[in-house]
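What follows is a set of notes on a single structure, which appears directly below.
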Amino acid sequence: MLFDTHTHLDAAEFDNDREEVIQRALDAGVTRMVNIGFNRETIPTTMELVEKYDFIYGAVGWHPVDAITMKDGDLEWIASLCEHEKVVAIGEIGLDYHWDTSPKEVQHTVLRRQIGLAREIKMPIIIHNRDAHEDIVKILREEKAHEVGGIMHSFSGSWETAQMCLDMGFHLSFGGPITFKNAKQPKEVLAKVPMDRLLIETDSPYLTPHPYRGKRNETGHVALVAEAAAALKGVSVEEIGEITTRNALELFGI
6 MLFDTHTHLD AAEFDNDREE VIQRALDAGV TRMVNIGFNR ETIPTTMELV
56 EKYDFIYGAV GWHPVDAITM KDGDLEWIAS LCEHEKVVAI GEIGLDYHWD
106 TSPKEVQHTV LRRQIGLARE IKMPIIIHNR DAHEDIVKIL REEKAHEVGG
156 IMHSFSGSWE TAQMCLDMGF HLSFGGPITF KNAKQPKEVL AKVPMDRLLI
206 ETDSPYLTPH PYRGKRNETG HVALVAEAAA ALKGVSVEEI GEITTRNALE
256 LFGI
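Under the working numbering, the very last position in the sequence shown is 259; numbers go up by exactly one each time.
Set out below in structure tokens:
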């Protein structure tokens, strides 16, 4: 019983074999997954998947890389989609200082507006954070994100940053990098995260776990993430599956 809390099954990389990829995930024990719609193109395709498959849920939001493209009506669009019974979070939203596509001040404004919406409609948020740990924590605090909580997606920060996020009620989610030989920090952080705040994900088609690194990732590979997490926690894979699934169900209100 596995729950992939972050996947992009609508990505073009799956256009030739999406049905087979989804079937492989089910065969690998993945019982539920959340597909992420993060801009004008992927929000509609996420909603299509949500409507087609009972076990696929959706998150909708505006990615920081695309922040500069967000228009006045887009926040209302996101709000209207959040009324759908299978939309379970606003995301992925956040800050990305790696890809220089949207000015920082625009990213900050778009993030703050979406946290404000989440608080208004009482919906958890999924945070994308790349090379912006200090500013992410600052904005989450200032915007009272603790009122809704959510997920620090593909967590890559220090234990100090992790503690700040945990103190605000967030769950930490880990993916393929915890299977990488040299990924010391995420492994150390995962080992310390309380079990009731732990989640697993793939971020497929990206961040492919070992031994498939360098190839396209699939949501079924969350089983490899579960195995790595189990080893780091010193528990069985079944226990990791059970606990992380329960955590996701509670967080998303499923």
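Heads up, the beta-carbon is just placed ideally off N, CA and C, and yes, glycines get one too.
Taking the straight line between their C-alpha atoms, what separation do you get for Trp104 and Val70? 7 angstroms
To the nearest angstrom, how far is the alpha carbon of Tyr58 from that of Leu31? 12 angstroms
Classify Thr207 as helix, strand or coil using the three-state DSSP reduction. coil
Using only CA atoms, which one of Met38, Lys238, Pro210 and Leu80 lies nearest to Asn44? Leu80
Does the Cβ-Cβ distance between Ser241 and Thr224 come in under 8 angstroms? Cβ distance not < 8 angstroms, so Ser241 and Thr224 don't count as in contact.
Flag this pair as touching only if the stretch 18-31 and the stretch 243-250 have three or more C-beta atom pairs under 8 angstroms; answer yes or no. no
Since Thr47 contacts Asp15 with CB under 8 angstroms, what's their CB separation in whole angstroms? 6 angstroms
With 16 other CB atoms within 10 Å as the buried threshold, where does Ser85 fall? exposed
Find the nearest neighbour of Asp9 within the set Glu125, Lys109, Phe179 and Lys189, judged by alpha-carbon distance. Phe179
In angstroms with no decimal places, state the Cα-to-Cα distance between Lys295 and Leu204. Any property of residue 295 remains undetermined from this structure, which presents the chain solely from 6 to 259.
What's the C-alpha gap between Ala228 and Gln28? 14 angstroms
Just to confirm my understanding: we take Cys87, look at its own chain, exclude 5 residues before and 5 after, and list those with CB closer than 6 angstroms. What are they? Ile126 and Met128.
Using a threshold of 8 angstroms, state whether the C-beta atoms of Val92 and Val65 are closer than that. Using a Cβ distance threshold of 8 angstroms, Val92 and Val65 count as a contacting pair.
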